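Chemist: Following this message is one structure expressed as structure tokens.
Protein chains: 4
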Amino acid sequence: MQTAILIVQCKDNKGIVAAVSDFLYRNNGNIIEVDQYIDDEVGDFFMRAEWELDTFNIVKDEILRVFAEEVGNRFKMKCSLSFNYPKPRMALFVSKLSHCLFDILSRYHSGQFQVEIPLVISNHMDLRPVVKAFGIPFYHFPVNKENKAEQERKQLELLKGNQVDFVVLARYMQILSRDFVGDYPNSIINIHHSFLPAFVGAKPYHAAYKRGVKIIGATAHYVTEELDAGPIIEQDVARVRHHNTVEDLVQIGQDVEKVVLSKAIKYHLAKKIQVVGNRTIIFN
Amino acid sequence: MQTAILIVQCKDNKGIVAAVSDFLYRNNGNIIEVDQYIDDEVGDFFMRAEWELDTFNIVKDEILRVFAEEVGNRFKMKCSLSFNYPKPRMALFVSKLSHCLFDILSRYHSGQFQVEIPLVISNHMDLRPVVKAFGIPFYHFPVNKENKAEQERKQLELLKGNQVDFVVLARYMQILSRDFVGDYPNSIINIHHSFLPAFVGAKPYHAAYKRGVKIIGATAHYVTEELDAGPIIEQDVARVRHHNTVEDLVQIGQDVEKVVLSKAIKYHLAKKIQVVGNRTIIFN
Amino acid sequence: MQTAILIVQCKDNKGIVAAVSDFLYRNNGNIIEVDQYIDDEVGDFFMRAEWELDTFNIVKDEILRVFAEEVGNRFKMKCSLSFNYPKPRMALFVSKLSHCLFDILSRYHSGQFQVEIPLVISNHMDLRPVVKAFGIPFYHFPVNKENKAEQERKQLELLKGNQVDFVVLARYMQILSRDFVGDYPNSIINIHHSFLPAFVGAKPYHAAYKRGVKIIGATAHYVTEELDAGPIIEQDVARVRHHNTVEDLVQIGQDVEKVVLSKAIKYHLAKKIQVVGNRTIIFN
Amino acid sequence: MQTAILIVQCKDNKGIVAAVSDFLYRNNGNIIEVDQYIDDEVGDFFMRAEWELDTFNIVKDEILRVFAEEVGNRFKMKCSLSFNYPKPRMALFVSKLSHCLFDILSRYHSGQFQVEIPLVISNHMDLRPVVKAFGIPFYHFPVNKENKAEQERKQLELLKGNQVDFVVLARYMQILSRDFVGDYPNSIINIHHSFLPAFVGAKPYHAAYKRGVKIIGATAHYVTEELDAGPIIEQDVARVRHHNTVEDLVQIGQDVEKVVLSKAIKYHLAKKIQVVGNRTIIFN
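Same order as they appear, the protein sequences are chains A, B, C and D. Residues 1 to 284 (the UniProt record's numbering) are what the first sequence spells out, left to right. Residues 1 to 284 (the UniProt record's numbering) are what the second sequence spells out, left to right. Residues 1 to 284 (the UniProt record's numbering) are what the third sequence spells out, left to right. Residues 1 to 284 (the UniProt record's numbering) are what the fourth sequence spells out, left to right.
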């Protein structure tokens, strides 16, 4: 079933829900899901509606224009419209660790993720056989201080050439440059192996061990210019005990990382995430 | 701020959200929260809307009638309307264990629960001092096989005389009769000390220990005729290990029980629960 | 590093810890981990000790005999001795669902599981390509009422021929016969897709949906004659909401299943599980 | 049943477990619980043993000396010995929020905590009635910049005069001075309303809201000179969603705070906590 997804944002006001739902009703849109949220802090209203395209009276290319005329302009709405088809195209960036890659490919393989994976990029060769076994092109871009800018330029070229919609850093151990990030706003998902904002940066499990925390975590977030500071999409945790070594934390944490990252991808694919300032609304 | 809460249920159909939200808009209702849910299993649509009464154009007593005429009848809706004021009146039933009672009275004392507690009923005297310290009337009804019907009759009289809206069994160790339950449909909340439907009935921690489970739980549910089988409102769990004795399970479990029960009370007070068959919708 | 693991069980008595630890000390055993547990219910004492073999004064084949003479017989101990090398040999049984299989193979691939996987057996062909990609032999045994006994006989032959130490049912949708189970006591690990003892048997997610639970779970247990009633090794849960469909529960649950099953395998590989009656001690 | 609890720390070495357990065995000590831990990081060995005093051959006052002679000196052990009787004496410090206070008093009342509470100290009068209802002396010490040193001096006097063994800051909104803390090393337990080390300092729920975290937490720790940086005893978390306001976080968080703080008190009372550097071992 093909669907359209509309997300709107505007100053909170009476009559918005009525106006949007009336628009869908008048144009024969069968609503599958609708969710709204009022941010009392800033006084903004947010709404996400998903409806069937089949029976809808307005053709895809005209929906946004007609909606703006009939509803959006009146409330000074920011609108974004997307469709569940064709499938979004996701690029994976990996280094040496395989747990997140396997988890993603497993869901891709079983059909849980409605996504195309045109390519996997890595700064190491280690995971090439895994990727090839799934029939996905693998590109090796060794990165060092000298060639980083040049390699990123080539990577971006490759992403554009493959019509990549969003990027997932599945334990990619390189920091992307400001320029790279700027090309994919709110479209690069990273998994950080700590419960942010605790333990930003490198070796968070070592830092967690040293601090003696009783719970460790993982955080999926959109990448922004500032390291590990982008909008958080999903987090989860696991309990640890004093006798767990750093190596134990790494292993326990990996089980959290992969599930958290895959949940974030799922939300992103379903267009359920709206970034507001440095926070995310997860429509559900 | 005084608010009205409307919950409607009907066959799913196009235009319902538009009709309800338009009704509120036309009558100057400032929406505070609206949530809807489509039950694909039975094809029913559910909606909960809460709005400010102050500015609303229709007086309290007329809302339900006008809504039925203008919207409800068209969609053959079942409607229920309530208000957040005056505060609901809650009766507590307890036996000897104090953890749930303390937790509820603590929230009542700090203003977290917007509720009146006109009385506490118990089949034992143990908790009388606790209840009196909070300035709440305490009634002692010793119960045995012979006097049970008679005692329940008196308890019901007391509840009616105190305009009690709903009853909370805070680890009350007696089974209420079918007649008693019938007088308070979806208005008696019980906390069962297991993760239902596992370990129905008496001594669930002993049963959990014997079965060797690695996680125990607690379940808050509406009381129905069948023991521990009513609609589940909230559940939570705690991890246990092989070296935990039955006494440990009891103590670990109590921390879960009291939080789960208080969450259920909070949902009930906010009119966020809709019972459908033997399931609950928790609007949020 | 090669290690020996000794697990003893006997009536609780003074001096046991002293006797066992003195035995290891006198024979130059460098203890890596020691854990004990007194079961107050039955009055039994349990102890697990793991130590380095390199420097130990007694050769592998003699340890059990010498220990019995010097310590075990005095306390009427039941003893079991094992070694972390050579790696145990694990057979996987699967049907059509791939999430547990991928999770296990991913850990096998990354070296997290110190195990050999000589073969995978399935009643369907679906997962053959996945298994082959990992270079593991795949055997197809279609099963129906008529051929079940015969197929099990052949499967057992294959297991024996491959020196299989233990079997993991990674969402294998067939019930093993009493005879099959009898051949591998406490050596067949199953993952059941519910929080046992709730929802025994087929279609637990459907049953969970129908009962309206707010939390679902998964249980890894040793297979015994009685369906889903064997000793529980590990459990975990995930929160669900009223708007989750049965399909949602299936998907949410799969993330729990795979992590729970892999934890159980990890405990089994490390010889950290002792079955007592129908419960498990997990030494840690 | 009266018990003795011995905790030892020394460089890891062969024969320690044997020596300690042999000492207890020879002197007729019936072991109730024994647990050990090797810290691979620093190469230290830790052991906690609890045994019955009744039948023990050495009188209380002599145990430490005899143990040192027969075992401790040989391994250069640091030893600490304590007894479960008489009950430890705990002072509570509170400000205005009642949830932790109620939770502690509820457990005290039901006998879950084996402790004496000779007094409660507060910088506000709000919770005086609650404390008085439990028959516990309440002392009011208003604190400002000018009188802080003087008030702390009086508080310390009061604590000494009441033979207080340890202090619990149950949401006490004042920072204790370095001198005060120095008088009770590893004996002042604080509950911080965040998942440390995230959100150190004031208003952590506001900071958590602003950062957009999906999980909030609470941390019980020993107070040291550096704010919110002492050894962590226990932590737990709760899930939050985008629509939760700061006030929601406060309320959700309070349920976590009170359970975490009470767990920490329970461990402290049972002498199950050993501080090593800035980490804690929780024997179990």
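Every residue gets a Cβ at the ideal spot worked out from N, C-alpha and C, and that includes glycine. What you are looking at is a predicted structure, and each value in this text was computed from that prediction instead of being measured.
1) Taking Phe45 of chain C as part of the beta strand (DSSP E), name the residues at either end of that continuous run.
2) DSSP has Ser122 of chain C in a bridge; who is on the other side?
3) Expressed to the nearest angstrom, what Euclidean distance is found between the alpha-carbon atoms of Glu234 of chain C and Leu249 of chain B?
4) Which residues does DSSP pair with Asp236 of chain A in a beta bridge?
5) Whose CA, out of A:Val167, A:Ser194, A:Ile191 and A:Arg171, lies closest to the CA of Gly182 of chain A?
6) Determine contact between the segment 147-167 of chain C and the segment 84-94 of chain C, defined as no fewer than three beta-carbon pairs at a distance below 8 Å.
7) Please report the residue range of the beta strand (DSSP E) in which His192 of chain B lies.
8) Given Val275 of chain A, which residues of its chain have a CB within under 7 Å of its CB, disregarding the five upstream and five downstream residues?
9) What in chain C is Cβ-close to Gln36 of chain D, meaning under 7 Å?
10) Report yes if the C-beta distance between His206 of chain B and Asp228 of chain B is below 9 Å; otherwise report no.
11) Taking the runs of the alpha helix (DSSP H) that are 4 residues or longer, which of them lie wholly in the UniProt domain "ACT" (5-86) of chain D?
12) Less than 9 Å between the beta carbons of Arg74 of chain D and Ala149 of chain D, yes or no?
13) In this structure, does DSSP put Gln274 of chain C in helix, strand or coil?
14) Would Arg239 of chain D pass as an interface residue toward chain C - the criterion being a Cβ-Cβ separation below 9 Å?
15) Please list the partners that Val245 of chain C has in chain B, where partner means a Cβ-to-Cβ separation under 7 Å.
16) Under a CB-based cut-off of 9 Å, is Leu105 of chain D close to chain B?
17) Can you tell me whether DSSP reads Ile117 of chain C as helix, strand or coil?
18) Would you mind reading off the limits of the alpha helix (DSSP H) that contains Val259 of chain D?
19) Have a look at B:His268, B:Thr280, B:Ile216 and B:Ala238 and flag the residue whose alpha-carbon is nearest the alpha-carbon of Leu213 of chain C.
20) For Glu247 of chain C, which option in B:Asp40, B:Leu6 and B:His99 has the closest C-alpha, if you only look at C-alpha atoms?
21) Report the neighbours of Gly212 of chain C on chain B: residues whose CB is nearer than 7 Å to its CB, in chain order.
22) In the DSSP assignment, find the unbroken alpha helix (DSSP H) run with Arg171 of chain C in it and report its ends.
23) Going along the chain, which residues of the segment 6-27 of chain D sit with their C-beta nearer than 7 Å to a C-beta in chain C?
24) Report the neighbours of Ser98 of chain D on chain B: residues whose CB is nearer than 7 Å to its CB, in chain order.
25) Quick one: using the 10 Å Cβ neighbour count with 16 as the cut-off for buried, is Met1 of chain D buried or exposed?
26) Go through its chain and collect everything with a Cβ distance to His242 of chain C's Cβ below 8 Å, but skip five positions before and after it.
27) Between which two residues does the beta strand (DSSP E) carrying Arg153 of chain D extend?
28) Along chain C, which residues have their Cβ under 8 Å away from the Cβ of Phe83 of chain B?
29) Comparing C-alpha positions only, which one of D:Asn13, D:Asp22 and D:Ala49 sits nearest to Ile38 of chain D?
30) Taking beta-carbon pairs under 7 Å, can you tell me which members of the segment 244-268 of chain B lie near chain D?
31) Contact criterion: CB-CB distance below 9 Å. Does Ile31 of chain A meet it with respect to chain B?
32) Can you check whether the CB of Val237 of chain C is closer than 9 Å to the CB of Val256 of chain C?
33) Grouping DSSP H, G and I as helix and E and B as strand, with all else coil, what is Arg107 of chain B?
34) Go to Arg241 of chain C, then tell me how far its beta strand (DSSP E) extends in each direction, as first and last residue.
35) Residues of the segment 192-213 of chain A in Cβ contact with chain D at a cutoff of 7 Å, in chain order, please.
36) Should Glu70 of chain D be counted as a contact of the ligand GTP given a C-beta to heavy atom distance under 8 Å?
Modeler: From the atom records:
1) For the purposes of this step, residue 45 of chain C is identified with residue 45 of the third sequence, where counting begins at 1. Unbroken beta strand (DSSP E) run through Phe45 of chain C: Asp44 to Glu52.
2) As a working note, residue 122 of chain C is residue 122 in the third sequence. Answer is C:Val94 and C:His140.
3) For the purposes of this step, residue 234 of chain C is taken as the residue at position 234 of the third sequence. For the purposes of this step, residue 249 of chain B is taken as the residue at position 249 of the second sequence. About 17 Å.
4) Looking up residue 236 of chain A in the first sequence gives position 236. DSSP, once it has assigned bridges, lists A:Ala218 as partnering Asp236 of chain A.
5) Looking up residue 182 of chain A in the first sequence gives position 182. Answer by Cα proximity: A:Val167.
6) yes
7) On the second sequence, residue 192 of chain B is found 192 positions in, with the first residue counted as 1. Here the beta strand (DSSP E) through His192 of chain B covers Ile188 to His192.
8) Walking along the first sequence from the start, residue 275 of chain A turns up at place 275. Hits under 7 Å: Asn186, Tyr222 and Pro231.
9) For the purposes of this step, residue 36 of chain D is taken as the residue at position 36 of the fourth sequence. Neighbours of Gln36 of chain D on chain C, chain order: Val34.
10) Position 206 of the second sequence, counted from the first residue, corresponds to residue 206 of chain B. Position 228 of the second sequence, counted from the first residue, corresponds to residue 228 of chain B. In this structure, Asp228 of chain B does not lie closer than 9 Å to His206 of chain B by Cβ.
11) 16-26 and 60-67
12) Stepping through the fourth sequence from its first residue, residue 74 of chain D is reached at position 74. Stepping through the fourth sequence from its first residue, residue 149 of chain D is reached at position 149. No; because the gap between Cβ atoms is not below 9 Å, this pair is not in contact.
13) Numbered from 1 along the third sequence, position 274 holds the residue referred to as residue 274 of chain C. Gln274 of chain C falls in the strand class under three-state DSSP.
14) For the purposes of this step, residue 239 of chain D is taken as the residue at position 239 of the fourth sequence. Yes - at least one Cβ of chain C is within 9 Å of the one on Arg239 of chain D.
15) By one-based count along the third sequence, residue 245 of chain C stands at place 245. Reading the sequence as shown, one finds Thr at residue 245 of chain C and not Val. What Thr245 of chain C touches in chain B: Asp40.
16) Taking the first residue of the fourth sequence as 1, we reach residue 105 of chain D at position 105. Yes, its Cβ sits closer than 9 Å to a Cβ of chain B.
17) Counting from one through the third sequence, the residue named residue 117 of chain C turns up at place 117. Three-state result, Ile117 of chain C: strand.
18) By 1-based counting over the fourth sequence, the position of residue 259 of chain D is 259. Its alpha helix (DSSP H) spans residues Val246 to Leu269.
19) Along the third sequence, read from residue 1 onward, the residue named residue 213 of chain C stands at position 213. In the sequence on display, residue 213 of chain C carries Val and not Leu. Ranking B:His268, B:Thr280, B:Ile216 and B:Ala238 by Cα distance to Val213 of chain C puts B:Thr280 first.
20) On the third sequence, residue 247 of chain C is found 247 positions in, with the first residue counted as 1. Closest by alpha carbon: B:Asp40.
21) Residue mapping note: residue 212 of chain C aligns to position 212 of the third sequence, counting from 1. Ordered by position in chain B, the residues that pass the 7 Å Cβ test against Gly212 of chain C are Pro231, Ile232, Asn278, Arg279 and Thr280.
22) Position 171 of the third sequence, counted from the start, is the residue given in the question as residue 171 of chain C. Arg171 of chain C -> no alpha helix (DSSP H), and no H or E assigned at all.
23) Lys14, Gly15, Val17, Ala18, Ser21, Asp22 and Tyr25
24) Translated into the one-based positions of the fourth sequence, residue 98 of chain D becomes position 98. Simply Ser106, His109 and Ser110.
25) As a working note, residue 1 of chain D is residue 1 in the fourth sequence. With fewer than 16 Cβ atoms within 10 Å of its Cβ, Met1 of chain D is classed as exposed.
26) Locating residue 242 of chain C in the third sequence gives position 242, counting from the first residue. Result list for His242 of chain C: Gly212, in chain order.
27) Position 153 of the fourth sequence, counting from 1, holds the residue named residue 153 of chain D. Per DSSP, Arg153 of chain D belongs to no beta strand (DSSP E); it is in the alpha helix (DSSP H), Lys148 to Gly161.
28) Numbered from 1 along the second sequence, position 83 holds the residue referred to as residue 83 of chain B. The contacting residues do not exist; Phe83 of chain B stays about 24 Å from chain C at best.
29) The residue you call residue 38 of chain D lines up with position 38 of the fourth sequence. It is D:Asn13.
30) Gln251, Asp255 and Val259
31) Your numbering for residue 31 of chain A matches position 31 in the first sequence. For Ile31 of chain A, the answer is yes, since a Cβ of chain B falls inside 9 Å of its Cβ.
32) In the third sequence, counting from the first residue as 1, residue 256 of chain C sits at position 256. In the third sequence, counting from the first residue as 1, residue 237 of chain C sits at position 237. Taking 9 Å as the Cβ cut-off, Val256 of chain C and Val237 of chain C qualify as a contacting pair.
33) Here residue 107 of chain B is taken as the residue at index 107 of the second sequence, counted from 1. DSSP places Arg107 of chain B in helix when its eight states are reduced to three.
34) Locating residue 241 of chain C in the third sequence gives position 241, where the first residue counts as 1. Neither: Arg241 of chain C is in no beta strand (DSSP E) and is coded neither H nor E.
35) Phe195, Pro197, Ala198, Arg211, Gly212 and Val213
36) Of the ligands one can find in the structure shown there are none, so the ligand GTP has no counterpart to examine.
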